Every structure is written in structure tokens, then in C-alpha cells.
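J.: For the sequence shown, counting from 1, position 324 maps to 344 in the numbering used here; every step adds exactly one. From the three backbone atoms N, C-alpha and C, an ideal C-beta is built for every residue, glycine too. Note that the structure is predicted; figures quoted are calculated from it, not measured.
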Amino acid sequence: MQRSPVPIRRDWRQRVEALGFEFHTLDGPYWVEDACFRFDQVEIDRLESAGNELHAMCLDAVADIVRTGDYARLGLGPIAATLAERAWRAGEQALYGRMDLAYDGTAPPKLLEYNADTPTALFEAAVVQWYWLEDTRAGLDQFNLLHEALVRRWPALIPEGSCVHFAGSLEAVEDRVTTDYLRDTCTQAGFATTLLDMSDIGWKDGQFVDLDDHPIRALFKLYPWEWMVEEPFARHLPDLALRIVEPAWKQLLSNKSLLPLLWERHRGHPNLLAASHDPRDIEGRVVAKPRFGREGEGVRVSDPDRGMHFAEPGMVYQAHAPLYRSEAGYGLVGLWVVGDEAVGLGMREDANPVTGNASRFVPHCFG
21 MQRSPVPIRR DWRQRVEALG FEFHTLDGPY WVEDACFRFD QVEIDRLESA GNELHAMCLD
81 AVADIVRTGD YARLGLGPIA ATLAERAWRA GEQALYGRMD LAYDGTAPPK LLEYNADTPT
141 ALFEAAVVQW YWLEDTRAGL DQFNLLHEAL VRRWPALIPE GSCVHFAGSL EAVEDRVTTD
201 YLRDTCTQAG FATTLLDMSD IGWKDGQFVD LDDHPIRALF KLYPWEWMVE EPFARHLPDL
261 ALRIVEPAWK QLLSNKSLLP LLWERHRGHP NLLAASHDPR DIEGRVVAKP RFGREGEGVR
321 VSDPDRGMHF AEPGMVYQAH APLYRSEAGY GLVGLWVVGD EAVGLGMRED ANPVTGNASR
381 FVPHCFG
């Protein structure tokens, strides 16, 4: 694993914009054109294997939570718990997720969190970096089966002949591009699709409707479940015959309180970090994370060689794991899962050790 400089395509902005990649430059560069992460086959195999094993462990943990009914441990209220349990017991299938891993090419990859409900950085991982590879890296490969896997996955989620409504916060460019890209994969799978903003979903005659008053029977929402259950319409959700992607049980995987549960069940596993709701249970440097945090929001890292000495409500604590380090900053592995299989890789990079919403995206290759 190595971050390497690469030649810049002279017309790279026009090329990525032609793909629909509108946010290649935010407050600063988001897409990194002059470098890539290069892996070897052994490292890619190691990441893929770790992702598949971690995903299976996560599903086992969800099954145990549903079996015991211990939703309070994850901070879930009655509506959230009811929806999660019903979706799991009904066997509702999942579309995709992204595991964030600390990996330096030497030590085993370590799970930092599982963004299993509303992961973004998808379009750049599935499409933009693939065309970068085609343009620049002749003879090399990329761990990237994302697009094909997404198209193949939809028939397992939605009844044949359905119209699928795709909703998100469309004013946010990254959310809009992600939602519309997933809509495109669903269209390629043979379904009729409609794109709308979450705020445009209405309620009429005991069902959710779109702006044309068409009933919504199947919904993909790039909108967190923990927000959904706080909306005024949430009380209707348990009684509706509505297929929602991602299924409600996915909120158990995106909840950081899953991390202590995984550690209890698989203490010492090479791909896990010590985690607890009490930082005093963890030796050495500690990372504090909000249970429902996203994109690095609210994450704190203790000083080197020091821990944290008191627990705060709603926080989860995890042993610190160093990220890949280069002169450009810290590199984070995003391992993509579609269905139940690891199928792709996206690298994020930041000058700070906590990856945030504007952290740069760096393409990768191997071979």
C-alpha cells in the first residue's frame, strides 16, 4: 500500500463533470487527480476477506439484538425498535453499506464504524475512479465491482414491476448525486423510478404520496433512520405496506453502540478495536464518538498516551488505531458492501486524523 504521485489528465475537470461529478472541488480540492493509492493483490484480498467476515459478524449481532430485544442499549425508542424488529423478522434485504477501516498495509485492517444506512462517497467510488483507471492506469486493476453489484441487487429488494421513489435532501449536492446515481442503477435493473426531495413526500388517504399524489409503495431514502423516526409521520410507519431501502434494521449497524457489542462477542478479533460505553475500559489512547454521529461529527481523540476518564451519555469509546500516514495526510479505507459481499474500495484523505465530509477522495489501483 502506497500513496503515489501520478500525471494529471489535462482535461480532467471536463471529464469528471461529463460523468455528472459536480462536486470535484468544494471549499478546496475534493477529488485528488495528482495521486493514487496503489495496493498489491494480497492487500486487496486481505481487505475483502476482512470486510466479508466483519459484515457477517455484524449480522449475527443484529440477530442477537432482535432475539433479546435489547434495543435500549443502542438508544432506540419504541418506534425505531418496532420498525427494526419487523424489518429483520420479515427478512427485508439490504442494498449497500460502507465500512470505514484503519489500514496501513501492514497490520490487520481495523473496523472504525459501519456506515450501513446512508453512506455517501459512492458515485466517486463506483464511477469516477473507474474512468480514471481506464484513462490513466493501463495494465492495472481496481477493486471495484460496485456498479454491477448494485444493478444486480435491486431485484432482491423490490417486487417486479414496482415504481421506486428515490428521496433525499436534494439541495445538498453530494446527497443529490448519490441518490440520483442509485436511481440510475435501479433503472438499469428494469424498474420505473422517480426522484424527489424528502420534503416533497406527502400524506393522503392513509398512505405516502409524491407531488402528483401517486402512492409511494417502494422508497429508497438517503435519510437517516434516526431522523425518520423523529418526524411527525413516523407514527404511521409501523402500519404501512411500504418497502423502504435501506430496511429499518440497518439502523442497528450504523449505530456506534454496535461497536462495544461486537467487542464483547469477539474480544481480541484481529479486525476489531476495543470499544465500550465507558472510556475507562480501554487502555491507552481513546476515540470518543457520538452514537448517531456521521462524517466525523463530534469525534474526539484523546492526547497521545492518555485515555479519557469519564463517560458521557450517548457516546461510544473505541481504542485509537493509526491511519495510513503520508505527507499528504491520513488515509482512510472505505470498504463497500453490496448485499452481503465486499465489492469495492474508496480512499478518503485528510490533513486531520478524523475524516470529515469534505475529506478528499483519492482513486486507487492494484497490480
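1. Take the Cβ of V62 as the centre, count every other Cβ of all protein chains shown within 10 Å, and call the residue buried at 16 or more, exposed below.
2. Only counting the same chain, and skipping five residues up and downstream in sequence, which positions put a Cβ closer than 6 angstroms to that of T207?
3. Do Y337 and A268 have their CB atoms nearer than 8 angstroms?
4. How big is the Cα-Cα spacing for F283 and E303?
5. Out of G117, D259 and G89, which has the shortest C-alpha to C-alpha gap to D137?
6. Do the CB positions of V26 and L272 come within less than 8 angstroms of each other?
7. CB-CB under 6 angstroms to A146, same chain, minus the five flanking residues each way: which ones, in chain order?
8. Quick check on G313: does DSSP put it in helix, strand or coil?
9. Below 8 angstroms on the Cβ atoms is my guess for T205 versus L262; work out the distance and round it to an integer in Å.
10. Please check the pair D120 and L352, which I expect to be a contact at CB under 8 angstroms, by giving their CB distance rounded to whole angstroms.
11. Identify every run of the alpha helix (DSSP H) within the stretch 276 to 300, keeping only runs that are complete inside it and at least 4 residues long; order them along the chain.
12. Enumerate in chain order the residues of its own chain whose CB-to-CB distance from R285 is below 8 angstroms, with the five nearest sequence positions on each side excluded.
13. In this structure, how does DSSP classify A238 when only helix, strand and coil are distinguished?
14. Can you give me the C-alpha to C-alpha distance between T156 and Y201, rounded to a whole angstrom?
15. Can you give me the C-alpha to C-alpha distance between T102 and L239, rounded to a whole angstrom?
16. Specify, as a first and last residue, the run of the alpha helix (DSSP H) that A104 falls within.
T.: In brief:
1. Your numbering for residue 62 matches position 42 in the sequence shown. Flag for V62 reads exposed.
2. Counting from 1 along the sequence shown, the entry for residue 207 is found at position 187. Excluding positions up to five away in sequence, the list reads T213.
3. Looking up residue 337 in the sequence shown gives position 317. Looking up residue 268 in the sequence shown gives position 248. No, these two residues do not count as a Cβ contact at 8 angstroms.
4. Along the sequence shown, one-based indexing puts residue 283 at 263. Along the sequence shown, one-based indexing puts residue 303 at 283. Looking at the sequence shown, residue 283 is not Phe but Trp. When only Cα atoms are considered, W283 and E303 end up about 14 angstroms apart.
5. Within the sequence shown, numbered from 1, the residue matching residue 137 stands at position 117. Comparing Cα positions, the closest option is G117.
6. The sequence position of residue 26 within the sequence shown is 6, counting from 1. The sequence position of residue 272 within the sequence shown is 252, counting from 1. Annotated as distal: V26 and L272, with beta-carbon spacing of 8 angstroms or more.
7. Locating residue 146 in the sequence shown gives position 126, counting from the first residue. Leaving aside the five residues that flank A146 on each side, the residues in its chain whose CB is nearer than 6 angstroms to its CB run, in chain order, L166 and H167.
8. Residue mapping note: residue 313 aligns to position 293 of the sequence shown, counting from 1. Of the three classes helix, strand and coil, the one that applies to G313 here is coil, per DSSP.
9. Residue mapping note: residue 205 aligns to position 185 of the sequence shown, counting from 1. Residue mapping note: residue 262 aligns to position 242 of the sequence shown, counting from 1. No, T205 and L262 are not in contact; Cβ-Cβ is about 21 angstroms, not under 8 angstroms.
10. Taking the first residue of the sequence shown as position 1, residue 120 is located at position 100. Taking the first residue of the sequence shown as position 1, residue 352 is located at position 332. The beta-carbon distance between D120 and L352, rounded to whole angstroms, is 6 angstroms. This is short enough to meet the 8 angstroms contact definition.
11. Runs of the alpha helix (DSSP H) inside the stretch 276 to 300: 278 to 285.
12. Taking the first residue of the sequence shown as 1, we reach residue 285 at position 265. Only M77, D80, A81 and D84 meet the Cβ criterion.
13. The residue given as residue 238 occupies position 218 in the sequence shown. In this structure, A238 counts as strand in the three-state DSSP scheme.
14. Reading the sequence shown from its first residue, position 136 is the one you call residue 156. Reading the sequence shown from its first residue, position 181 is the one you call residue 201. The alpha-carbon atoms of T156 and Y201 are separated by roughly 24 angstroms.
15. Translated into the one-based positions of the sequence shown, residue 102 becomes position 82. Translated into the one-based positions of the sequence shown, residue 239 becomes position 219. Going by the C-alpha atoms only, they are around 19 angstroms apart.
16. For the purposes of this step, residue 104 is taken as residue 84 along the sequence shown, with counting starting at 1. Membership of A104 in the alpha helix (DSSP H) is indicated by the continuous run P98 to R109.
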